[in-house]
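*Asks:* Heads up: the protein sequence lines correspond to chains A and B, in order. At position 181 of the first sequence (counting the first as 1) the number is 225 in this note's numbering, and the numbers step up by one without a gap. At position 204 of the second sequence (counting the first as 1) the number is 248 in this note's numbering, and the numbers step up by one without a gap.
2 protein chains.
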Amino acid sequence: MAVKLSDVARMAGVSTATVSRIINKLPGYSEETREKVLRVIEESGFQPNALAQGLVNRKSNTIGVLLPSLSTHFSSLLIRGIERAAYSQSTGVFICNTDNDGERTMEYLSMLTQKRVDGIIFASEWLTDDYANFLKKAKVPAALVATASEDNHFPYVKVDDYSASRDAVKYLIQRGHRKIGFITGRADDPIAGRPRIEGYRAALRESGLDPRDADIAFGNFHFESGVDAMAELYGRGLGHTAVFASSDEMALGAMSWLHAKGISIPEEMSVMGYDDTIDARISYPTLTTLRQPIEAMGEKAFELLMDGPNARSVIMGHSITSRDSVRDLI
Amino acid sequence: MAVKLSDVARMAGVSTATVSRIINKLPGYSEETREKVLRVIEESGFQPNALAQGLVNRKSNTIGVLLPSLSTHFSSLLIRGIERAAYSQSTGVFICNTDNDGERTMEYLSMLTQKRVDGIIFASEWLTDDYANFLKKAKVPAALVATASEDNHFPYVKVDDYSASRDAVKYLIQRGHRKIGFITGRADDPIAGRPRIEGYRAALRESGLDPRDADIAFGNFHFESGVDAMAELYGRGLGHTAVFASSDEMALGAMSWLHAKGISIPEEMSVMGYDDTIDARISYPTLTTLRQPIEAMGEKAFELLMDGPNARSVIMGHSITSRDSVRDLI
DNA sequence: TTGAAAGCGCTAACAG
DNA sequence: CTGTTAGCGCTTTCAA
Chain A
45 MAVKLSDVAR
55 MAGVSTATVS
65 RIINKLPGYS
75 EETREKVLRV
85 IEESGFQPNA
95 LAQGLVNRKS
105 NTIGVLLPSL
115 STHFSSLLIR
125 GIERAAYSQS
135 TGVFICNTDN
145 DGERTMEYLS
155 MLTQKRVDGI
165 IFASEWLTDD
175 YANFLKKAKV
185 PAALVATASE
195 DNHFPYVKVD
205 DYSASRDAVK
215 YLIQRGHRKI
225 GFITGRADDP
235 IAGRPRIEGY
245 RAALRESGLD
255 PRDADIAFGN
265 FHFESGVDAM
275 AELYGRGLGH
285 TAVFASSDEM
295 ALGAMSWLHA
305 KGISIPEEMS
315 VMGYDDTIDA
325 RISYPTLTTL
335 RQPIEAMGEK
345 AFELLMDGPN
355 ARSVIMGHSI
365 TSRDSVRDLI
Chain B
45 MAVKLSDVAR
55 MAGVSTATVS
65 RIINKLPGYS
75 EETREKVLRV
85 IEESGFQPNA
95 LAQGLVNRKS
105 NTIGVLLPSL
115 STHFSSLLIR
125 GIERAAYSQS
135 TGVFICNTDN
145 DGERTMEYLS
155 MLTQKRVDGI
165 IFASEWLTDD
175 YANFLKKAKV
185 PAALVATASE
195 DNHFPYVKVD
205 DYSASRDAVK
215 YLIQRGHRKI
225 GFITGRADDP
235 IAGRPRIEGY
245 RAALRESGLD
255 PRDADIAFGN
265 FHFESGVDAM
275 AELYGRGLGH
285 TAVFASSDEM
295 ALGAMSWLHA
305 KGISIPEEMS
315 VMGYDDTIDA
325 RISYPTLTTL
335 RQPIEAMGEK
345 AFELLMDGPN
355 ARSVIMGHSI
365 TSRDSVRDLI
């Protein structure tokens with residue numbers, strides 16, 4: 045069995061209370077005893093049992109992160125941000141891949157509350173009433189990142205998807221594009237779907253252009269769906285000179301289709317992405333994209349959790365990273 | 045305060061022992077009491093405190109995963125595999141990004157043992173004596189994935205890097221390539237460096253070709269290093285018709301450089317990768333690559349952990365995924 | 001089939 | 001400055 049606090053106490057000839065004070069850096073002992081105890085700890089290899097500590101302190105120094113996918117660069121960056129912030133506060137991070145499955149999500153929610161995590165970060169996925177109710181009943185602090193919830197009860201951190209999408213399209217318009225296709229999430233997606241579609245339309249309208257439904261094709265943010273959507277869009281023969289995709293991955297999918305058809309980028313077709321993950325750097329040509337500060341959003345989400353009840357939602361700024369996939373038509 | 049087991053016991057008019065038996069599905073109660081207790085649990089929203097359970101059971105149903113990076117597809121796939129296996133056994137996964145930093149690694153090792161994880165999976169990074177000694181002293185079960193250790197004390201799961209590299213190069217040779225460049229990790233890397241270099245050389249020699257040091261350029265497995273290595277290799281003017289890179293990411297880097305120079309792939313230069321992550325599918329042309337079953341390796345690593353002392357290391361099979369980046373010269 | 005009670009490893013009054 | 005002791009929420013003999 046591992047050495048425990050009482051062993052240390054005995055070996056050092058002091059009480060458990062004293063050892064506890066020392067390892068927790070509380071006041072109440074002489075420098076002399078401190079050194080002695082520390083030496084015993086060192087020699088014995090004592091590692092306090094965090095389960096016992098958590099039990100009495102009602103704090104596990106642990107959080108959970110729920111996300112719908114582990115395989116996108118978006119997730120990776122988010123996790124990195126969260127992990128970095130958590131590490132700096134000595135807290136452990138449980139990762140939970142929900143696979144977009146309601147049942148898995150509920151089971152993870154339950155597991156995390158049983159493990160008495162100090163908070164839960166819910167990422168990229170719409171927070172349904174079911175989830176929200178569970179969290180409220182279990183009284184687990186939660187923060188949302190890159191999403192929001194029905195009733196706005198939980199603090200969130202995200203970019204303004206409407207403005208971001210609008211700015212991206214305006215960027216293309218400024219460069220002389222008039223016929224702009226859009227590959228995005230479904231309109232019934234209240235976060236990455238509808239607002240971005242509305243932003244796209246607003247940008248066109250503000251420039252006196254006419255947004256048509258046929259200019260839009262739908263995907264699920266992953267590569268393959270970008271390939272398919274580009275094929276569909278191009279097949280409609282609308283004469284687009286540029287296409288804006290709602291994720292870098294879908295933009296790469298679009299580019300892949302264009303390459304395969306021998307349509308040169310950006311000479312014959314400009315492509316713009318959304319996110320600015322490393323996908324945008326590894327593509328050829330490199331991808332001009334709407335940048336979300338994903339890693340910073342992850343860090344911020346952790347902070348929201350730590351802020352407790354007085355946490356305030358934050359809208360992070362977006363920006364445009366210009367690379368080589370958009371042609372200047374002017 | 046959350047409702048606890050003793051609350052449930054009181055409300056159901058039974059003892060805590062009985063409730064405990066019921067939630068743990070142990071024998072020793074009538075169907076009638078079971079139903080009553082279950083109803084109370086349901087109505088009260090009781091969630092057993094896993095910290096308390098862990099304290100008495102000496103089992104936390106939790107593992108830790110240490111990896112040097114979170115931002116590669118390799119990591120993502122590995123985590124997915126581990127998480128899937130863990131989820132199926134109701135165990136939580138702490139992710140720990142060491143950033144290839146010894147100090148962070150040691151701190152995480154310490155955090156994980158304090159949290160009394162049931163095991164630690166150590167990925168992609170050479171297990172130094174320091175780490176190994178810590179694990180042995182703390183008596184935490186550990187398993188290695190995509191790596192191994194100095195003293196071979198811990199079970200591991202990996203592919204045979206030597207054979208894999210050799211097979212990849214033989215594949216190129218079979219397609220008529222004679223001048224083959226190699227972009228790989230440093231020779232002092234005992235896993236992804238040296239063995240792959242030796243495999244490369246062996247393949248050449250076995251075909252009567254002469255492996256030269258100048259045919260090799262070094263990278264760190266990431267995209268940018270692939271770009272640089274390709275530039276260097278090409279600059280040497282050795283007339284390569286193919287280049288083999290020790291990671292898909294580096295292969296994409298190489299392709300990016302070739303694209304930029306107007307060198308067509310695979311017509312003027314064939315490119316082959318290693319891993320078969322989604323990077324190989326999103327590139328254009330799609331990448332022919334040496335496939336490691338990364339996700340399965342993750343699952344297997346978890347199983348090794350659960351197998352306890354009688355876990356046996358396993359070499360996973362590799363294969364070659366043919367796509368469009370290698371030209372047939374025959 | 002059930003309950004009383006000791007104990008898992010630690011913290012925090014409280015007393016000295 | 002230091003020790004005693006009563007929990008934290010659960011499991012598990014042992015006895016009934």
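All C-beta atoms in this analysis are idealised placements derived from N, C-alpha and C, irrespective of residue type, glycine included.
#1: Using only CA atoms, which one of A:V287, A:T332, A:S327 and A:Q336 lies nearest to E312 of chain A?
#2: Let me see if you follow: with CB-CB separation under 8 Å, is E127 of chain A close to chain B or not?
#3: Can a CB atom of chain A be found closer than 8 Å to the CB of L296 of chain B?
#4: Please confirm if M316 of chain A has its CB atom under 8 Å from at least one CB of chain B.
#5: So the beta strand (DSSP E) T365 of chain B belongs to, where does it begin and stop?
#6: So for K181 of chain B, helix, strand or coil by DSSP?
#7: At least one CB of chain A closer than 8 Å to the CB of I322 of chain B: is that the case?
#8: Go ahead and label L302 of chain A buried or exposed: buried means 16 or more other beta carbons lie within 10 angstroms of its beta carbon, across all protein chains shown.
#9: Under 8 Å, with one C-beta from each stretch per pair, do the segment 107–115 of chain B and the segment 134–143 of chain B reach the 3-pair mark?
#10: Cutting at 8 Å between CB atoms, please list the residues of its own chain near M55 of chain A, excluding the five before and the five after it.
#11: Taking only the alpha-carbon atoms, compute the straight-line gap between K181 of chain A and K344 of chain B and give it to the nearest angstrom.
#12: May I ask you to report which of helix, strand or coil DSSP gives L373 of chain B?
#13: Residues of chain A with CB under 7 Å from V137 of chain B, in chain order?
#14: So which residues of chain B does L99 of chain A contact, with C-beta pairs closer than 8 Å?
#15: Which complete beta strand (DSSP E) runs does the segment 155–243 of chain A hold, if anything under 3 residues is left out?
#16: Helix, strand or coil for F90 of chain B, going by three-state DSSP, please let me know.
#17: Less than 8 Å between CB atoms is the rule here; does L49 of chain B satisfy it with respect to chain A?
#18: Run down chain A in chain order and give the residues with a C-beta less than 8 Å from the C-beta of G57 of chain B.
#19: Counting along the chain, where does the beta strand (DSSP E) carrying M360 of chain B start and finish?
#20: Where in the segment 309–356 of chain A do unbroken runs of the beta strand (DSSP E), each at least 3 residues long, occur, reported from the N-terminal end onward?
#21: Between the beta-carbon of P329 of chain B and the beta-carbon of S290 of chain B, is there less than 8 Å?
#22: Just the C-alpha distance for S154 of chain B and L179 of chain B, rounded to the nearest angstrom, thanks.
#23: DSSP on F265 of chain A, reduced to helix/strand/coil?
#24: Evaluate contact between the segment 234–253 of chain A and the segment 200–209 of chain A, counting only Cβ atoms and requiring at least three cross-stretch pairs below 8 Å.
#25: Using three-state DSSP, classify L110 of chain A as helix, strand or coil.
#26: Which residue wins for smallest C-alpha separation from R280 of chain B, given the options B:M294, B:H266, B:I224 and B:N354?
#27: Tell me, please, whether the segment 356–363 of chain A touches the segment 263–274 of chain A by the rule of three or more beta-carbon pairs shorter than 8 Å.
#28: Hey, how far is the Cα of K214 of chain A from the Cα of L248 of chain A?
#29: Whose Cβ in chain A lies nearer than 8 Å to the Cβ of Y328 of chain B?
#30: Any Cβ of chain A within less than 8 Å of the Cβ of G89 of chain B?
#31: Looking at C-beta atoms only, is the number of pairs between the segment 292–299 of chain B and the segment 325–341 of chain B that lie closer than 8 Å three or more?
#32: Checking contacts by CB at 8 Å: is L114 of chain B closer than that to chain A?
#33: Quick one: is A61 of chain B buried, meaning 16 or more other Cβ sit within 10 Å of its Cβ, or exposed?
#34: What do you reckon, are the CB atoms on D292 of chain B and A261 of chain B nearer than 8 Å?
#35: Can you tell me whether DSSP reads V84 of chain B as helix, strand or coil?
#36: Give the interface partners of L121 of chain B over in chain A, defined as CB-CB distance under 8 Å, in chain order.
*Replies:* By the coordinates alone:
#1: In the first sequence, the residue the question calls residue 312 of chain A occupies position 268. Nearest C-alpha to E312 of chain A: A:V287.
#2: Here residue 127 of chain A is taken as the residue at index 83 of the first sequence, counted from 1. Closer than 8 Å: yes.
#3: In the second sequence, the residue the question calls residue 296 of chain B occupies position 252. It does: the Cβ of L296 of chain B has a partner Cβ on chain A nearer than 8 Å.
#4: For the purposes of this step, residue 316 of chain A is taken as the residue at position 272 of the first sequence. Answer no: the Cβ-Cβ gap between M316 of chain A and chain B never drops below 8 Å.
#5: Indexing the second sequence from 1 puts residue 365 of chain B at position 321. T365 of chain B -> beta strand (DSSP E) spans S363 to T365.
#6: For the purposes of this step, residue 181 of chain B is taken as the residue at position 137 of the second sequence. Correct three-state label for K181 of chain B: helix.
#7: Within the second sequence, residue 322 of chain B is the residue found at index 278, counting from 1. Cβ-Cβ to chain A under 8 Å: yes for I322 of chain B.
#8: Counting from 1 along the first sequence, the entry for residue 302 of chain A is found at position 258. Classification of L302 of chain A: buried, given that the 10 Å Cβ count is 16 or more.
#9: yes
#10: Position 11 of the first sequence, counting from 1, holds the residue named residue 55 of chain A. Excluding residues within five positions, the ones whose Cβ falls inside 8 Å are V84 and S88.
#11: As a working mapping, residue 181 of chain A is identified with position 137 in the first sequence. As a working mapping, residue 344 of chain B is identified with position 300 in the second sequence. Straight-line Cα distance between these residues: approximately 37 Å.
#12: Reading the second sequence from its first residue, position 329 is the one you call residue 373 of chain B. L373 of chain B falls in the coil class under three-state DSSP.
#13: Taking the second sequence and counting its residues from 1, one reaches residue 137 of chain B at position 93. The contacting residues are F138 and I139.
#14: The sequence position of residue 99 of chain A within the first sequence is 55, counting from 1. The contacting residues are N93, L95, A96 and L99.
#15: 163–167, 186–189, 200–203 and 224–228
#16: To locate residue 90 of chain B, count along the second sequence from 1; it is residue 46. Coil, per DSSP.
#17: Counting from 1 along the second sequence, the entry for residue 49 of chain B is found at position 5. Answer no: the Cβ-Cβ gap between L49 of chain B and chain A never drops below 8 Å.
#18: What you label residue 57 of chain B is simply residue 13 of the second sequence in a count that begins at 1. Near G57 of chain B there are no residues of chain A at all, since even the closest Cβ is about 24 Å away, more than 8 Å.
#19: The residue you call residue 360 of chain B lines up with position 316 of the second sequence. From DSSP, the beta strand (DSSP E) with M360 of chain B extends over V358 to M360.
#20: 314–319 and 332–335
#21: Position 285 of the second sequence holds residue 329 of chain B. Position 246 of the second sequence holds residue 290 of chain B. Going by C-beta atoms, P329 of chain B is not nearer than 8 Å to S290 of chain B.
#22: Here residue 154 of chain B is taken as the residue at index 110 of the second sequence, counted from 1. Here residue 179 of chain B is taken as the residue at index 135 of the second sequence, counted from 1. Approximately 9 Å between the Cα atoms of the pair.
#23: In the first sequence, the residue the question calls residue 265 of chain A occupies position 221. Three-state result, F265 of chain A: coil.
#24: yes
#25: Reading the first sequence from its first residue, position 66 is the one you call residue 110 of chain A. Strand, per DSSP.
#26: Within the second sequence, the letter at position 236 stands for residue 280 of chain B. Ranking B:M294, B:H266, B:I224 and B:N354 by Cα distance to R280 of chain B puts B:I224 first.
#27: no
#28: Within the first sequence, the letter at position 170 stands for residue 214 of chain A. Within the first sequence, the letter at position 204 stands for residue 248 of chain A. Near 8 Å, if we compare the C-alpha coordinates of L248 of chain A and K214 of chain A.
#29: Along the second sequence, read from residue 1 onward, the residue named residue 328 of chain B stands at position 284. By Cβ distance, chain A contributes M299, S300, H303, A304 and Y328.
#30: For the purposes of this step, residue 89 of chain B is identified with residue 45 of the second sequence, where counting begins at 1. Yes, because at least one Cβ of chain A sits closer than 8 Å to the Cβ of G89 of chain B.
#31: yes
#32: As a first step, residue 114 of chain B is located in the second sequence; it is residue number 70 there, counting from the start. Closer than 8 Å: yes.
#33: Residue 61 of chain B sits at position 17 when you count from the first residue of the second sequence. That one is exposed.
#34: Counted from its first residue, the second sequence places residue 292 of chain B at position 248. Counted from its first residue, the second sequence places residue 261 of chain B at position 217. For D292 of chain B and A261 of chain B, no; Cβs fall outside 8 Å.
#35: Along the second sequence, one-based indexing puts residue 84 of chain B at 40. V84 of chain B falls in the helix class under three-state DSSP.
#36: Taking the first residue of the second sequence as 1, we reach residue 121 of chain B at position 77. Result: S115.
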